[in-house]
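Residue numbers (this note's numbering): 4 to 126. Taking it in order: structure first as structure tokens, then the write-up.
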Amino acid sequence: MKIEIYDPAMCCSTGVCGPSVDSELVRIQETLRQIQKQAPEVQVVRSGLTSDPQAFVANSVVAELLKSEGPECLPLTFVDGELASKGKYPGNEQLQAILNRAGITVKMTEKKRATGCCGPGCC
4 MKIEIYDPAM CCSTGVCGPS VDSELVRIQE TLRQIQKQAP EVQVVRSGLT
54 SDPQAFVANS VVAELLKSEG PECLPLTFVD GELASKGKYP GNEQLQAILN
104 RAGITVKMTE KKRATGCCGP GCC
């Protein structure tokens, strides 16, 4: 199985950087990490509009969507070449269902966030 994600332009390859981190980018990054760790047979490829524009040109569906809808259609997610999500990252439940249909079991857990002043990564 191959999961391809075409990310919008971001400041770095994952978008999980800078002074204000988007929690959705953190979630998808962690989810993809868990998939790769638990199911190494699943190939995960992320291409960024800024860092890898050639990938956007090479995929004719991505190129056509960008031409017709502009960058607002991003992010795009493909599973085995089929469009699975447009304009947003797929949720954990959606990814879990896709993996389950292929007979792949992955336990997706969300990282706990620190609530106190001096929690991990808080101070």
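Yeah, the Cβ is synthetic: ideal placement off N, Cα and C, and Gly gets one too. Owing to the predicted nature of the structure, the values given are computational and were not obtained by experimental measurement.
Whole-angstrom distance between residue j and residue i, CA atom to CA atom
i           : j           : result
residue 4   : residue 104 : 11 Å
residue 128 : residue 32  : What the structure shows of the chain is the stretch from 4 to 126, and residue 128 is not part of that stretch, so it cannot be assessed.
residue 124 : residue 93  : Residue placement at residue 124 is flagged as unreliable, the pLDDT there being 47, under the threshold of 50; the coordinate-derived value follows with that caveat. Each residue's alpha carbon lies about 26 Å from the other.
residue 67  : residue 60  : 9 Å
residue 81  : residue 101 : 11 Å
residue 97  : residue 63  : 24 Å
Beta-carbon contacts of residue i that lie in its chain and below 8 Å, excluding the five residues immediately before and after
i           : result
residue 44  : 4 and 107
residue 83  : 4 and 5
residue 110 : 37 and 41
For residue i: DSSP bridge partner residues
i           : result
residue 6   : 47 and 82
residue 110 : In the DSSP output, where bridge partners are listed per residue, residue 110 has none listed.
residue 88  : 80
Residues near residue i by beta carbon distance below 6 Å, same chain, minus five either side
i          : result
residue 48 : 7
residue 12 : 52 and 53
Buried/exposed call for residue i, threshold 16 Cβ in 10 Å
i           : result
residue 65  : buried
residue 86  : exposed
residue 25  : exposed
residue 50  : buried
residue 112 : exposed
Cβ of residue i within 8 Å of any chain B Cβ
i          : result
residue 89 : Here chain B cannot be found, since the structure has a single protein chain.
### Query
Counting pairs of Cβ atoms below 8 Å between the segment 53-60 and the segment 28-41, do you hit three or more?
Result no; under three Cβ-Cβ pairs closer than 8 Å.
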